[in-house]
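Visitor:
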Amino acid sequence: MPPPDLLDERETSILRWRCRRGLLENDIFIERFFQVHGQRVSEEQAYGLTLLMNLPDNDLLELFLRRTEPADELDVPQVHAVLELIRQRPPGGLPS
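Basically the working numbering = 1-based index in the sequence shown + 49.
1) Buried or exposed: which applies to residue 71, given that a residue is buried once 16 or more other Cβ atoms fall within 10 Å of its Cβ?
2) Under three-state DSSP, which class holds residue 114?
3) Taking the beta carbon of residue 77 as the centre, do at least 16 other beta carbons fall within 10 Å, making it buried, or is it exposed?
4) Can you tell me where the alpha helix (DSSP H) holding residue 76 begins and where it ends?
5) Taking all protein chains shown into account, do 16 or more other C-beta atoms lie within 10 angstroms of the C-beta of residue 79, making it buried, or fewer, making it exposed?
6) Taking residue 85 and residue 56 to be in contact with their CB atoms under 8 Å, please state how far apart those CB atoms are, rounded to whole angstroms.
7) Thinking C-alpha only, which one of 64, 130, 63, 107 is nearest residue 75?
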């Protein structure tokens, strides 16, 4: 059984399904997040992801690409923390 603050396998699967997007670029960022962190998604991260998933695709991509920063109801620690994880370059990824 996972620690109480981590999602179990079913909850992670539901969250992953909820995070599916209509814009391929967003799906790439989100899929990479789940590949790296999917086995240990916390309730705090799930909350941050859920808030982000309420955004239109283009607004979400702007956040992922650091063209904008979270504002208003998205300007909370959970969103900032999960955005930092999503924005990280993958190990062995392309150089900057």
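For each residue, glycine too, the CB sits at the ideal point set by N, CA and C.
Guide: This is what the structure holds:
1) exposed
2) coil
3) exposed
4) 73-86
5) Using a 10 angstroms sphere on the CB of residue 79, the tally of other CB atoms reaches 16 or more, which defines it as buried.
6) Incorrect: roughly 15 Å between the Cβ atoms, too far for contact.
7) 107
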